[in-house]
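*Asks:* My questions all concern the structure below.
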Amino acid sequence: AVLSCAAMGSVRRATWRQYLLYLGINVLVSAITVLIVLNLWDRRSPLELVTPTATIDVIAQVDNAVPALTPTTPPSPTPKTYTVRAGDTISNIAEEFDISMEELMAANRLQDPNELSVGQVLVIPEVEGAVTAPEAGGTRSPETTSTPDPAAARQVVINGITGAGGLEMESVRLLNIGNEVSMAGWTLDDGDGHLFNFPDFTFYSKGAVDVHSRAGTNTTIDLYWGLDQAIWMPGKVIYLRNVSGDLVSSLKIPAN
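Counting in this note's numbering, the sequence shown runs from 52 upward without gaps.
In structure tokens, the structure reads:
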């Protein structure tokens, strides 16, 4: 009899179902691995957020610290004045200050060059190229008959009188050679009890106003006392006083 023996050491091939099983196991293991890695990653300490440091605008701070320069307006110069003395004429006064007679008369609202009276205060106009003050020793020094009040700083002066002794023409002229000033409460008197009270008005710088003895309607340049007879006789003294009663200016009316 012939004996048949099975071949020893033969290999058995896996079926397709076994391949699918192996593949599924690998996918499952990979998925689990990924989940573990992600879980460990999430458990790490979060990165500290870096807060940006604010920058300082040094230029802006310096600009704010430096105060802005405010332009200032230079003060207007005080007009030059001259007090008339005996023997003075419009011509020689104008020549002394190197200005024309017309300029001197216009600045003082004079119509007649012979209107000058001793003690009258004239305003010397500023003219380009003119000499504003006489040289020392060469000419007379201006004199004044008024006793100024320091507080008023000679802002308002009695400039002269026109038509003394005649009611219709009689008037006292005042000049403001300083800053504007309120004339409310100021007075004009003759020292014999006759008193004129100024109304409430502002006397502007470099302005002029006439105080008439007769009656009339007040304007910005003409004031009216309302008297029925002339008051300013030759030899009398005109007194101008401020609201405190202090003497600001005075003028003696020259004798004819």
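Just so it is clear, CB atoms sit at the ideal spot from N, CA and C, and this is done for glycine as well.
Whole angstroms are fine: how far does the CA of Y70 sit from the CA of V80?
*Replies:* Answer to the nearest angstrom: the Cα atoms are 16 Å apart.
*Asks:* Go ahead and label E221 buried or exposed: buried means 16 or more other beta carbons lie within 10 angstroms of its beta carbon, across all protein chains shown.
*Replies:* By the 10 Å Cβ count, E221 comes out buried.
*Asks:* Quick check: what's the CA-CA separation for V232 versus Y290?
*Replies:* For V232 and Y290, the distance between alpha carbons rounds to 18 Å.
*Asks:* What are the partner residues of G211, as DSSP defines its beta bridges?
*Replies:* According to DSSP, which records beta bridges pairwise, G211 is partnered with R224.
*Asks:* Buried or exposed: which applies to G188, given that a residue is buried once 16 or more other Cβ atoms fall within 10 Å of its Cβ?
*Replies:* Because the pLDDT at G188 is just 41, under 50, the model does not fix this residue reliably, and the point stays unresolved.
*Asks:* Could you round the C-beta distance between P176 and L155 to whole angstroms and report it? I think they count as a contact, below 8 Å.
*Replies:* Correct: roughly 7 Å between the Cβ atoms.
*Asks:* Between T132 and V174, which are expected to be in contact by the criterion C-beta below 8 Å, what is the C-beta distance as a whole number of angstroms?
*Replies:* Yes, T132 and V174 are in contact; Cβ-Cβ is about 6 Å, under 8 Å.
*Asks:* Mapping DSSP to helix, strand and coil, what is A306?
*Replies:* Here A306 sits in coil by DSSP.
*Asks:* As a quick exercise: from S151, G277, F252, N210, pick the residue whose alpha carbon is nearest that of L246.
*Replies:* Ranking the options by Cα distance to L246, first place goes to G277.
*Asks:* Got a sec, what are the start and stop residues for the alpha helix (DSSP H) N143 sits in?
*Replies:* Per DSSP, N143 belongs to the alpha helix (DSSP H) from 141-147.
*Asks:* If we ignore side chains and look at the alpha-carbon of each, how far apart do A158 and V172 end up?
*Replies:* Taking the straight line from one Cα to the other gives about 12 Å.
*Asks:* Can you tell me where the beta strand (DSSP E) holding A259 begins and where it ends?
*Replies:* Element bounds for A259: 259-263.
*Asks:* If I'm right that A281 touches G217 with Cβ under 8 Å, what's the distance once you round it to whole angstroms?
*Replies:* A281 to G217, Cβ: 6 Å. Contact.
*Asks:* Please report how far the alpha carbon of L167 lies from the alpha carbon of P130, in whole angstroms.
*Replies:* Cα-Cα distance, rounded: 19 Å.
*Asks:* Can you give me the Cβ contacts of N227 inside the same chain, cut-off strictly under 7 Å, excluding the 5 residues immediately before and after it?
*Replies:* Cβ neighbours of N227 beyond the five flanking positions: Q206, V207, F254, Y255, S256, K257, G258.
*Asks:* Taking L278 as part of the beta strand (DSSP E), name the residues at either end of that continuous run.
*Replies:* It is not in any beta strand (DSSP E) - L278 carries neither H nor E in the DSSP assignment.
*Asks:* Given A266, which residues of its chain have a CB within under 6 Å of its CB, disregarding the five upstream and five downstream residues?
*Replies:* Closer than 6 Å at the Cβ level, and outside the excluded window around A266, lie Y275, G277.
*Asks:* With a threshold of 7 Å on Cβ separation, who are the neighbours of E219 within its own chain once the five nearest residues in sequence on each side are excluded?
*Replies:* R265, listed in sequence order.
*Asks:* Using only the alpha-carbon positions, how far apart do Y73 and L86 sit?
*Replies:* The alpha-carbon atoms of Y73 and L86 are separated by roughly 20 Å.
*Asks:* Give me whichever residues DSSP pairs with F254 in a beta bridge.
*Replies:* According to DSSP, F254 bridges with V232.
*Asks:* Which one of T140, D240, F148, D149 has the shortest CA to CA distance from P164?
*Replies:* Of the listed residues, the one whose Cα sits closest to P164 is T140.
*Asks:* Let me check understanding here. Comparing Cα to Cα, which of P250, D241, S295 lies closest to A235?
*Replies:* Answer by Cα proximity: P250.
*Asks:* For a test of the three-state rule: what should DSSP assign to V299, helix, strand or coil?
*Replies:* The answer is strand: DSSP assigns V299 an E or B state.
*Asks:* Using 10 angstroms around the beta-carbon of I144, count the other beta-carbons present and answer buried if the total reaches 16, otherwise exposed.
*Replies:* Classification for I144: buried.
*Asks:* Buried or exposed: where does V260 fall if 16 or more other Cβ atoms within 10 Å of its Cβ makes it buried?
*Replies:* Its Cβ being crowded by 16 or more others within 10 Å, V260 is buried.
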